[in-house]
Every structure is written in structure tokens, then in C-alpha cells.
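Residue numbers (the working numbering), protein chains in the order written: chain A, 1 to 164; chain B, 165 to 622; chain C, 623 to 985.
Glycine residues also receive a C-beta, built at the ideal position from the N, C-alpha and C atoms.
Small disclaimer: the values here were computed from a predicted structure and weren't measured.
In what follows, a structure is listed as C-alpha cells, so that the remarks can point back to it.
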Amino acid sequence: MAFLFYLLSGIALLSALMVVLSKSPINSVIYLIVCFLSIAGHYILLNAQFLAVVHIIVYTGAIMVVFLFVIMLLNLNKTNEPHKSVLTKFMAVISGGMLFLVLIAAAKGVNEMIVAKEFDANIGLVANLGKVLYTDYMIPFEASSVLFLSAMIGAVMLGKKDKK
Amino acid sequence: MFSIITIAITGVLLLYLGFLKNRWIYISVAITGLITALALSVFSWNSLETSFSNMLIIDNYAIAFNSVMIFATILIFLLAPHYFKGIEKNVPEIYALLMFSLAGACMVTSFDNLTMLFIGIETMSIPLYILAGSKKFSIRSNEASFKYFIFSSLATAIFLLGITLVYGMVGSFHVGDISNYFTITKEIPSILKVGIVLLVISFGFKIAAVPFHFWAPDVYEGSPTLITAFMATVVKIAGFAAFYKLLSTCFILVPDSWHHLILGLSVLSLIIGNLAAIKQKDVKRMLAYSSISHTGFMLFAILSFNSFSASSLLYYSFAYALSTIAAFGVLMVVKNHMSADGSVQAFEGLAKKNPILAIVMTISMLSMAGIPITAGFFAKYYIFVSAIQGGWLWIVIIGILAALVGVAYYLKLIIAMFAKTSETEKIVTSPLYITSLLVATVLILIAGVLPNLIISLI
Amino acid sequence: MDFNIYDFTSFTTWVHNALTSSMSPGWAMFVELAIVGVVFIAFYAVIGLYLVYAERKVCALIQNRKGPNRVGPFGLLQTIADLFKLLMKELIYIKNADKFLFNLAPFIVIIASFMAIAALPFAKGLHAIDLNIGIFYLFAVSSLGVIGILLAGWSSNSKYSLIGAIRSGAQVVSYELSVGLALLSIVIFSGSMQLSTIVESQANGWWIIKGHIPAIISFLIFLVASTAETNRGPFDLAEAESELTAGFHTEYSGIKFAFFFLAEYMNMFIVAAIAATVFLGGWMPFHIPGLDGMNHVMDYIPPFVWFMGKTAFIIFIMMWFKWTFPRLRIDQLLKLEWKYLLPLNLMNIVLIAFIVLMGWYIK
């Protein structure tokens with residue numbers, strides 16, 4: 001199991017890096033798909049099969065397909081990105097590196113930390129998940145319907161063709 | 165809880181009413197819904213409601229802020245029919261989205277669980293991305309929408325990372341559990357502090373505090389003015405209420421991990437907000453920077469947690485909301501009738517053309533500057549008192565200096581309005597519009613004369 | 623070991639025990655995976671080839687022709703000959719195509735259909751994995767294939783391919799919803815997403831009978847939507863021959879073309895198998911309560927045969943569709959989904975929830 005964890009984490013990190021590094025946006029999308037699939041693998045390792053599958057459906061099946069769509073329709077495959085000045089790059093590297101350092105330094109002390117919550121292997125099963133979702137997390141669940149409704153209205157409103 | 169439900173249902177209802185194609189029906193339904201929600205909110209005063217497995221806690225703090233926000237929205241809705249005159253497209257959708265955003269804002273102030281906070285913030289923000297871009301054919305509006313979306317999503321990502329780190333250490337999203345954790349644990353792991361810092365940064369984005377303010381002027385300028393008024397008031401107040409609540413309930417025991425950050429945000433917002441506002445020609449941009457400087461003042465309340473700071477924040481929010489709505493209300497008329505570019509010059513001769521508007525604008529500007537007998541004076545006064553009680557005298561001195569600088573650009577606008585021009589063509593607005601502005605103005609004065617009405621609430 | 627054609631559980635446990643007793647658990651798992659893989663590849667190839675043959679025969683039947691009848695008895699070896707032809711063919715590469723993605727695309731399509739096969743219950747105790755969210759898993763992996771199609775269309779650097787791919791993407795993303803909701807209706811009836819449980823729940827009658835009207839509605843929606851999701855006629859806009867040459871796989875040749883071809887037929891098989899499992903009782907024999915004599919006769923037919931028979935029946939219906947109806951236009955296609963199927967489906971879900979709540983179905 002530990003071997004699988006490291007394998008999946010390695011793939012996830014590598015493909016996440018490639019998302020940023022690859023020149024063509026369509027390759028980035030492909031690497032992102034790989035990244036999402038390996039994260040779905042992590043969910044399976046945690047015995048959260050439902051979440052894993054939701055992850056695949058939502059991210060790989062829907063969002064990434066929409067991404068591909070947009071890239072294809074806009075023909076974004078030009079590899080020449082707008083040139084950024086050296087200063088901007090330098091600042092980006094500095095600030096990103098600082099966040100990285102801080103996180104690494106902070107995570108170093110976590111070795112001896114106490115486990116905040118015992119892992120329950122059954123928590124990811126769909127029956128338990130549904131029970132939690134419809135009892136404890138009822139309000140956030142219902143409230144997100146307002147969220148999705150407004151996103152949907154927005155999509156229709158902005159996407160609809162109307163005359164000037 | 166019922167007021168949030170009422171607001172959301174009114175939003176859905178508005179969508180259906182869109183079929184009727186009658187703008188007076190939309191507006192009357194919207195305002196009825198809002199007044200019902202306000203009444204429901206006010207009548208639950210003193211009845212502490214913790215419902216649904218501790219997701220929301222509707223205490224007096226939440227009710228007070230919710231009422232201010234709902235009231236501000238009512239004023240904005242009163243301005244709406246005049247603003248949307250001649251625009252037939254998508255008006256009910258825009259109203260509905262404002263409602264949904266308000267529902268999100270009400271969730272944000274009354275969260276008792278970090279998931280609820282997250283969903284509230286998203287429910288509040290996502291309609292705004294759309295609303296900011298609702299002038300589809302204006303390139304500035306598109307830019308505003310896009311910029312707001314990008315920056316806000318970045319802030320959301322940071323926020324989520326912060327929540328994740330906190331959850332990883334504490335093992336719960338619940339506010340009570342988090343504060344318990346800090347009473348029990350003596351040595352706080354540094355990764356938790358990183359989480360707190362990330363949460364503070366993401367809130368810095370949401371309330372547009374320097375140095376996370378870059379989006380604010382462009383978004384305020386590009387969005388339709390009515391939406392800007394909503395953004396500058398309701399969303400900002402909700403952000404502050406949530407920020408204050410988050411820090412005061414969850415992380416009050418570990419001030420050293422966020423105090424310096426707030427200090428930096430506050431001082432920078434005061435200085436940069438005011439200095440940049442002086443240079444602005446566009447009134448909307450100027451108001452955006454002035455709103456950034458108000459952020460600096462409001463952060464004082466967070467800096468100096470004591471029994472007084474919550475009520476001083478409430479009072480400041482109330483005063484700020486009223487003056488901002490009045491200012492934007494006048495600005496909308498000016499942009500419609502006088503000069504579309506909305507620069508300071510556009511205000512010249514407003515006093516001749518429509519004296520009521522000029523008076524409203526003057527009072528709102530004076531209130532923003534913090535001149536006595538307007539609400540803005542006591543707002544600043546209380547927030548300074550609260551900061552001094554917290555032992556932050558030197559910050560208060562910076563604050564007073566910043567307020568003095570602020571007077572300069574507010575006065576510039578007032579002088580422009582009373583300047584003489586050759587044109588004397590009258591400006592006519594609808595009675596509803598004037599009512600909204602007058603209500604705001606009168607309340608500014610009432611609150612300025614009788615500050616105890618609000619300051620003694622919580 | 624006792625090999626029982628009616629229940630494979632003892633057989634599979636025997637294989638498992640034999641393997642674990644003779645080697646370390648890690649190796650045993652590896653060998654098991656290899657066995658399953660080899661069996662599935664063989665199965666995949668045979669089914670794929672004979673579905674092509676079946677399609678040509680059905681087409682011939684409907685068009686009143688004879689169909690393939692020269693190679694082998696009844697032309698049974700025709701598709702094998704075709705396969706060899708495809709293997710021998712030269713692989714053509716287009717200038718300016720994105721080589722990596724161009725080569726990757728057929729594999730994505732075929733892997734997606736492979737992943738789906740793993741969860742199908744072929745007979746009692748005969749499936750590779752019995753996930754507790756089986757239906758959901760099938761739904762998820764069936765949505766992955768579209769990525770391959772989109773990539774194939776885009777990387778070919780050809781207008782026909784691109785248009786085909788975009789059509790296919792729009793189509794699959796839209797019709798996925800109806801497929802998912804139609805399956806959800808049976809999840810509500812059976813109260814489980816595990817395929818074995820769903821099949822067991824149909825021991826006393828198939829859901830299409832037990833669930834009466836709403837189940838029939840969702841079965842019909844499933845048939846239409848899944849035909850569209852697999853890009854088959856009359857919804858084969860992605861490869862509309864008359865206008866797009868061959869759609870997203872216009873530029874493919876040889877074995878890579880064969881991959882797309884095979885995957886298309888396998889997707890049809892998978893969809894038909896899902897329909898058979900969920901609506902028509904999977905490997906459960908046909909029973910009529912009360913008629914014990916007939917039920918016993920039905921029980922004699924092995925579950926595997928039941929499963930394949932039902933699947934073949936649905937495949938036949940889908941082929942019938944293809945050769946009977948004219949192709950839709952893309953706007954008609956999207957209108958059908960978003961304006962008719964989806965609202966109907968949502969209403970049907972509410973109806974089913976109500977029926978299940980009141981217990982108005984045959985238990």
C-alpha cells in the first residue's frame with residue numbers, strides 16, 4: 001500500500017509539474033487529467049470509492065472535456081506565450097519559493113504531531129457519505145444549490161446571444 | 165435562518181417573474197421579499213439560534229450585520245428601476261443574482277463551521293462575477309468580471325489551503341472545536357500558523373486590503389455602477405463581519421500569528437488607499453480607493469479585540485454603507501445625465517441642476533471624510549476609541565493623518581459640485597430614487613446625532 | 623475444485639486459493655491481474671470482431687441483402703480477414719499532426735472501454751471487481767473515452783476531424799446526463815449501486831417489470847441516450863460519412879483505426895450490458911412467479927447465456943436503430959437532449975422517488 005501511495009503521489013506531482021511546464025495548453029490538459037486520475041487513486045487507497053469516482057466524473061469527465069473544448073475552439077495552441085519581463089519572473093520565483101520554503105519548514109515539525117482524528121475506513125463508502133451529507137452537512141449541501149443555481153443563471157445570461 | 169431562506173426564495177421567484185416582463189412587478193416583489201427578510205431577521209433578536217448540527221449560529225452579532233446588509237440592499241434595489249430604465253434584458257436575472265449574493269453574505273456573517281463559511285463566501289462571490297460582467301457589450305465590464313473572477317478564485321484557493329491546514333491540525337471544521345484546540349494545546353504547530361496566515365491573506369483579498377487590493381479599482385470602475393454599490397457595501401461588510409468573527413472566535417488565543425499581518429494590512433491600506441485616491445480623476449476609481457482606505461480603518465476593530473470593537477465595526481459598517489450607497493446613487497445620475505466619463509469635472513454645477521442630489525452627495529462625502537454630525541464622524545471616533553483601548557495609539561495617529569488626507573479628495577468633489585457652470589439644465593429623477601437617497605442621507609444624520617442607537621446594540 | 627456453470631464463486635475462490643497458497647500474496651495478486659487481463663483481452667477481441675460481423679449481417683438483413691458470406695461458413699471469418707488487412711496496412715502520419723497525442727488518442731479510447739468491462743457481472747460470481755459503487759464507476763469510465771475522441775480530432779490537424787471531435791464532445795457530455803439519471807432511477811429502486819446487489823434484487827422479476835411505467839420510461843431514455851453516448855447512428859454525427867468523411871478518425875489508418883473501430887463496438891457492448899444488467903436482470907433467468915415448471919426450465923439455462931442473450935438483444939435493437947432512422951442534425955440532437963430527455967428524466971426521477979416512497983412497485 002505504501003508503495004502504491006508513493007507511486008501515485010509521484011505521478012501526481014510529476015504530472016502537476018508538467019501541467020505548468022509544458023508549452024502547449026493541450027498537453028497541459030492531458031497532464032492535468034493524469035494528475036486527477038492519480039488523485040482519484042489516492043481516494044481509492046483511502047477506501048473512498050465514491051469520492052474517487054465523483055472525482056473522475058466531475059474533473060476528468062466533465063471539466064477537462066470542457067477545457068479541451070475551449071482550447072480547441074479558440075485554437076490556443078500557439079506556443080509563443082506573451083513575453084514576461086525578467087523582473088516579473090524573478091518576483092514570481094521569489095514569492096513562490098518563499099511560500100514553498102515556509103510550507104516545507106512548517107511541515108517539518110509535523111513529524112511528531114498527534115493524529116487529530118482517527119481514520120475510519122468506512123467513512124468514504126457511499127452510504128456513510130450520504131448519511132453525513134444529509135444530516136450533519138445538510139445546510140451546506142442545500143446552500144450550495146443556491147450557488148449552483150446562480151452559476152447556471154450566469155452561464156445562461158452571459159452565454160446567451162443578444163443584440164446590441 | 166428564515167431570513168436567509170426568504171432571500172433565496174425571493175431570488176428564485178424573481179426568475180419566474182421574469183416571464184411577466186414588467187419591471188415594477190420585479191422590484192415590488194424584490195423589495196417585499198427583502199423587507200420580510202429584514203423583519204424576520206430583526207424579530208429573531210436575542211433568540212440565539214443554533215440549528216442544523218452547528219452549521220449556522222444566528223446570534224445578535226449576525227443579526228445586526230445581516231440587518232445592515234439587507235437594509236443596504238433595499239436601498240440599492242430602490243435605485244435599481246431608474247438605473248435599469250430602458251434596459252429590458254436580463255433585469256430579473258440581475259435582481260435574482262443580487263438576492264443570491266445577499267443570501268451568501270448572510271450565511272457568511274453567521275457561520276459556525278468553516279465549510280459554511282466557504283460556501284457562504286462562494287455563494288456571495290459567484291453571482292458577483294456574473295453581475296460585474298452584466299454589461300455584456302462594455303469591454304470594461306468584461307474586464308472587471310474577468311479580473312474579479314481570477315483574483316477571487318486565487319483568494320478562494322488560498323482560503324481552502326488555509327482551511328485544509330487548520331483542519332489537518334485541529335481535526336474539525338467547527339468553530340467551537342477550533343477555539344477549544346487552542347485552549348488545550350500549549351504549543352501550536354507552525355503549520356497551523358501557516359494556515360491562519362493563509363486565511364488572513366485570502367480575507368485580505370476579499371476585503372481589498374493593501375497589498376491585496378489590485379483588483380478593486382478596476383473592478384469597481386468597470387462593473388455597472390449599481391453592482392459596484394452592492395460590492396462596495398454588502399460584500400465588504402459581509403467580508404469584514406466574517407473576518408472579525410473568524411479571528412475573534414477561532415484564533416483569538418493565538419494573536420501573535422496574525423496580529424502583525426493585520427497591522428501591516430491596516431497601515432498600508434490607510435496610506436496607499438488615501439494617497440492613491442487623491443490622484444484619481446474618475447470618481448468611481450476614487451471611491452474605490454476611498455473604500456480601500458475605509459478597509460484600513462475597519463481593520464482597527466480586528467486589531468484591538470475588546471468588548472467594544474464589534475459594535476464599533478457594526479457602526480462603521482452602517483455609516484460606510486449608507487454614505488457609499490448615497491454617493492454611488494448620485495454618481496449614477498451624474499453618469500447618466502451629465503457626462504458618461506464620471507470624472508470629477510462631470511460633477512460641476514450639480515448644485516444648480518439638482519440641489520437635492522448635491523446635498524445628498526455633500527453629506528455622504530462629509531460622512532466619508534468623518535466630519536461631525538454625520539455618521540462618519542462617530543464611526544471613526546468609535547473605531548479609534550476601540551483601537552486606543554487596545555493600546556494602539558500610534559496606529560490611531562496614522563489613522564487620523566490618513567483621515568485628514570482623505571478630507572482633501574472628498575472636498576474636491578464637493579467644491580466641484582458647487583462650482584459655477586453655464587449650463588443650468590435641470591436633472592429629473594424618479595421619486596423612488598430620491599426616496600432611497602434621502603433615506604440614506606437622513607439616516608446618516610440621525611446616526612451621526614444619536615450614535616447610541618446602534619453602538620449599544622451588540 | 624468444482625466447476626459449476628451456474629455459480630462461479632467456488633471456481634474463482636479456488637483459483638484465488640490455489641494462487642495464494644503457491645506464492646506470496648503480492649505475486650498472487652499480480653498473477654490474478656494478469657489472468658484477468660488476458661481473459662478480457664481475448665474476450666474483447668472476440669466480441670469486437672463478431673459485433674462487426676453482426677452489424678454487417680443486421681444491416682444486410684434490414685437492407686434485404688446477404689451481407690458477408692464468402693469467407694468461411696456464412697462469412698464468419700470475414701472480420702478476421704478484415705483484421706489482418708488492417709494489421710498489414712501502412713500507418714499514415716499527417717504532416718503537422720501532434721505526433722504524441724495522435725498516437726495516444728486511440729489508446730485512451732480503448733483503455734476507457736476496457737476499464738468499463740472490468741465491472742460487468744457476467745454471471746454469478748464472475749466479474750473482475752464488484753465495487754460497491756459499480757454503476758457509478760461504469761458511468762464514470764464511460765465518460766473518459768470522449769477525451770480520446772477529442773484528442774484524436776484535434777491532433778489530426780484536419781478540419782473534418784476537428785468538427786467531428788467537437789460534435790462528439792458536445793454530444794457525449796450532454797447525453798451522459800441522461801444516461802446517468804436513467805441509471806439513477808434503478809439505483810433508487812434497488813437501493814444500491816453495487817451491480818451484484820442490483821442483479822440479486824431482480825431475482826423475483828426484472829426491474830423493467832417490477833418498476834412498471836417509470837422503469838420503462840427510464841429504460842427507453844437509457845436506450846436513446848446511450849446510443850447517442852456511444853456515437854452510434856442515428857446520432858453518429860461525430861463521424862457522419864456524408865459530410866465529414868469519417869469524423870474524428872478520418873486521418874487514422876491501419877491498426878489505430880482498428881482501435882477506434884473496436885472501441886466503438888465494445889462501447890456498444892458495454893452499454894447494452896449495462897442496460898441488460900440494470901433493467902433486464904443481468905444474469906438472472908426470466909421467472910414468472912407461480913409458473914414453477916417454466917421457472918425450472920429457465921433455471922437450466924446458464925446465467926452466462928442469459929446475460930449474453932439479453933445483451934445481444936439490446937445490441938440488436940441498437941443496430942436496428944442505426945439502420946432504420948436517418949441521422950439527426952447537431953442542433954436537433956442537442957435539443958432532443960436538453961429540451962426533451964433531460965426534463966423528462968428529472969420528472970421521472972421525482973416520480974420514481976415518490977413511487978418508491980409509497981411502495982407502489984412490485985417488491
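Beta carbon proximity, residue i to chain A, threshold 8 Å
{"i": "B/ALA172", "result": "yes"}
{"i": "C/VAL801", "result": "no"}
{"i": "C/LEU723", "result": "yes"}
{"i": "B/GLY297", "result": "yes"}
{"i": "C/ILE892", "result": "no"}
{"i": "C/ILE769", "result": "yes"}
{"i": "C/LEU817", "result": "no"}
{"i": "C/LEU955", "result": "no"}
{"i": "C/LEU866", "result": "no"}
{"i": "B/GLU286", "result": "yes"}
{"i": "B/ILE189", "result": "no"}
{"i": "C/LEU766", "result": "yes"}
{"i": "B/PRO291", "result": "yes"}
{"i": "C/VAL963", "result": "Note that residue 963 of chain C is Leu in the sequence shown here, rather than Val. Not closer than 8 Å to any Cβ of chain A, the Cβ of C/LEU963 fails to qualify, so no."}
{"i": "C/LEU772", "result": "yes"}
{"i": "B/LYS300", "result": "yes"}
Chain B contact for residue i (CB, 8 Å cutoff)
{"i": "A/PRO140", "result": "yes"}
{"i": "A/ALA107", "result": "yes"}
Bounding residues of the beta strand (DSSP E) (the contiguous stretch that carries residue i)
{"i": "B/ILE221", "result": "220-222"}
Under the three-state DSSP convention, the category residue i falls into
{"i": "C/PHE926", "result": "helix"}
{"i": "C/ASN626", "result": "coil"}
{"i": "B/ASP420", "result": "helix"}
{"i": "C/GLU861", "result": "helix"}
{"i": "B/ASP446", "result": "strand"}
{"i": "C/ALA745", "result": "strand"}
{"i": "B/THR413", "result": "helix"}
{"i": "B/SER433", "result": "helix"}
{"i": "B/LEU507", "result": "Reading off the sequence shown, one finds Ser at residue 507 of chain B, where the question assumed Leu. In the structure shown, B/SER507 sits in a strand (DSSP, three-state: E or B)."}
{"i": "B/GLU257", "result": "helix"}
{"i": "B/THR636", "result": "Beyond the ends of chain B as shown, which are 165 and 622, falls residue 636 of chain B; an answer cannot be given."}
{"i": "B/GLU213", "result": "strand"}
{"i": "B/HIS629", "result": "For chain B, the structure presents residues 165 to 622; residue 629 of chain B sits outside this window and is missing."}
{"i": "B/THR377", "result": "It should be pointed out that residue 377 of chain B corresponds to His in this sequence rather than to Thr. B/HIS377 falls in the coil class under three-state DSSP."}
{"i": "B/HIS246", "result": "helix"}
{"i": "C/HIS834", "result": "helix"}
Short CB-CB distance (under 8 Å) between residue i and chain C
{"i": "A/ALA121", "result": "no"}
{"i": "A/MET152", "result": "no"}
Boundaries of the alpha helix (DSSP H) in which residue i is found, first to last residue
{"i": "B/HIS501", "result": "473-501"}
{"i": "C/PHE756", "result": "Contrary to the premise, residue 756 of chain C reads as Gly rather than Phe in this sequence. Counting along the chain, the alpha helix (DSSP H) containing C/GLY756 begins and ends at 756-764."}
{"i": "C/ALA640", "result": "631-644"}
{"i": "C/PRO728", "result": "721-739"}
{"i": "B/SER531", "result": "519-533"}
{"i": "A/ILE153", "result": "138-159"}
{"i": "A/HIS165", "result": "The shown model of chain A, from 1 to 164, leaves out residue 165 of chain A, and the question about it has no answer."}
{"i": "B/SER192", "result": "187-207"}
{"i": "C/SER818", "result": "817-822"}
Interfacial residues, the segment 775-794 of chain C to chain A, with Cβ spacing under 9 Å: GLY775, TRP776, SER777, LEU784, ALA787, ILE788, GLY791, ALA792, VAL794
Looking at chain A, which residues of the segment 743-764 of chain C have a Cβ within less than 8 Å of any of its Cβ atoms? LEU753, ASN754, ILE755, PHE758, TYR759, PHE761, ALA762, VAL763
In chain order, each alpha helix (DSSP H) run of at least 4 residues that lies wholly inside the segment 933-981 of chain C: 952-957, 964-980
Which residues, in order along the segment 242-254 of chain B, keep a beta-carbon less than 7 Å from a beta-carbon of chain A? LYS253, ASN254
Start-end ranges of the alpha helix (DSSP H) lying completely within the segment 263-310 of chain B, minimum 4 residues: 278-296
According to a CB-to-CB cut-off of less than 8 Å, which residues of the segment 88-102 of chain A neighbour chain B? VAL102
Give, in chain order, every residue of the segment 50-67 of chain A whose Cβ lies closer than 9 Å to some Cβ of chain B. none
Please list the residues of the segment 11-37 of chain A that have a C-beta atom closer than 7 Å to any C-beta atom in chain B, keeping them in chain order. none
What residues in the segment 270-284 of chain B bring their beta carbon closer than 9 Å to a beta carbon of chain A? MET271, ASN277, THR279, MET280, PHE282, ILE283, GLY284
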